[in-house]
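Under this note's numbering, think of the first position of the sequence shown as 63, with each following residue one higher.
Even glycine gets a Cβ: it sits at the ideal position worked out from N, Cα and C.
The structure presented is a predicted model; accordingly, all values stated were derived computationally and were not measured.
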Amino acid sequence: MTGARPPGGVRSLGASLLDDVLAETLDPAYAQAAARRAGEDQPRRGRGRVLVALTMAAAGLLAAVTYDQAAARAEGRQEIREALVNDIQDESAVTDDLAARLEEARAEVSRTSDELLAATAVGQRALDALARAEQGAAAVPVTGPGLLVTLANAEPDADDDPIGAGAAGTEAVQVADGDLQLVVNALWGAGAEAISVNGQRLGPTSAIRFAGEAVLVNFRPVTSPYRIRAIGDPDALSQNFLLDPQVRDLAEFAAATGLQFLFSEEDELSLPAANPPELRSAEVVSSRRAPGAEPSPGG
């Protein structure tokens with residue numbers, strides 16, 4: 063047995079190898095490579111943080127510039143809108159002043175012509191015929207009992223946003239030009255003698271139509287609520303008006319959509335005169351040709 067290793071030496075060597083394996087799970091070469099890589103990654107992480115910070119700063123600057131530009135555009139639009147509103151108000155004031163002066167001139171001409179015509183029997187007959195023609199053309203103001211019909215846009219819901227679209231994407235129902243036409247035609251059919259819409263007297267050539275988002279009566283814009291005044295016998299007007307099937311359909315539609323549709327009998331209504339129609343005259347074009355002239359291609 064001389065020269066053989068003692069059993070205790072074997073156990074000591076095996077324990078030492080096991081301890082080394084447990085203590086050093088990584089090969090020393092791997093540990094060195096990991097340490098070297100960590101040392102190289104440290105500057106990279108620093109550069110990454112700097113890039114992230116610069117990116118965030120650039121994004122913040124871009125957002126600030128975008129907000130400033132949007133605010134400037136909004137302010138510019140508001141200034142333009144205010145300037146346009148002021149221009150419209152100024153022009154409307156000038157138009158109203160001219161209309162008042164024109165009405166005074168018409169009244170003076172009418173008084174003068176009435177005095178001259180009333181001086182003779184022939185003139186009086188002409189004056190009576192002129193009065194009937196003016197009544198039919200809505201050229202003079204009138205006063206009397208009648209029916210007042212009011213149409214107004216539906217009120218927006220509390221949940222609607224400022225633009226007018228609600229949570230479900232719906233918009234408040236508005237009175238259309240066809241609704242006003244329906245009411246006016248029904249009132250004429252019910253026996254109305256004179257009708258006005260928001261102070262605009264209706265005559266033989268009057269029109270009610272849409273232009274963009276505005277309702278025009280006699281080419282003048284009118285807004286909700288729309289008050290339609292009709293002079294005539296109040297009882298007959300209200301009875302015949304409600305018997306119209308289209309009026310009943312409109313009343314049901316208004317009840318379902320929130321439109322305001324009201325009417326009341328009035329003891330006295332005042333309607334202004336309508337704007338005088340533009341007078342046009344036709345001339346007969348002579349068909350005679352000069353001697354030797356060739357006929358035109360159209361005959």
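Quiz item: Can Ala216 and Val235 be called in contact, C-beta distance under 7 Å?
Solution: yes
Quiz item: What is the DSSP secondary structure of Pro224, counted as helix, strand or coil?
Solution: Residue confidence for Pro224 is low, a pLDDT of 46 falling below 50, so the modelled location carries little weight; the figure read from the coordinates is stated next. DSSP places Pro224 in coil when its eight states are reduced to three.
Practice problem: Please say whether Ile270 and Asp239 have beta carbons closer to each other than 7 Å? | Solution: yes
Self-check item: Beta-carbon gap between Arg291 and Leu331 smaller than 7 Å
Solution: yes
Quiz item: Is the beta carbon of Gln322 less than 7 Å from the beta carbon of Ala214?
Solution: yes
Quiz prompt | Inter-stretch contact (C-beta, 8 Å, three-pair minimum) for the stretch 274-294 and the stretch 253-263 | solution = yes
Quiz prompt | Residue-chain proximity (Glu170, chain C), Cβ-Cβ < 7 Å | solution = Looking for chain C here will not work: only one protein chain is present.
Quiz item: DSSP on Thr182, reduced to helix/strand/coil?
Solution: coil
Quiz item: When the distance is taken between beta carbons, is Leu178 closer than 7 Å to Leu189?
Solution: no
Quiz prompt | Short Cβ contact (7 Å threshold) for Thr205 with Arg289 | solution = no
Quiz item: In terms of residues, what are the limits of the beta strand (DSSP E) holding Arg291?
Solution: 288-293
Self-check item: CB of Val284 within 7 Å of CB of Asn260, strictly
Solution: yes
Quiz prompt | Through-space distance from Gly274 to Trp250, alpha-carbon basis | solution = 27 Å
Practice problem: Using three-state DSSP, classify Glu330 as helix, strand or coil. | Solution: strand
Quiz item: Can you round the beta-carbon distance between Asp306 and Ala248 to whole angstroms, since I take them to be within the 8 Å contact cut?
Solution: 4 Å
Self-check item: Exposure of Ser268, with buried meaning 16 or more beta-carbon neighbours within 10 Å
Solution: buried
Practice problem: Go through its chain and collect everything with a Cβ distance to Ser326's Cβ below 7 Å, but skip five positions before and after it. | Solution: Leu210
Exercise. Report the rounded CA-to-CA distance for Ala162 versus Val156, giving the unit in angstroms.
Key: 10 Å
Quiz item: Would DSSP call Pro283 helix, strand or coil?
Solution: strand
Quiz item: With DSSP run on the structure shown, which of helix, strand or coil describes Leu116?
Solution: helix
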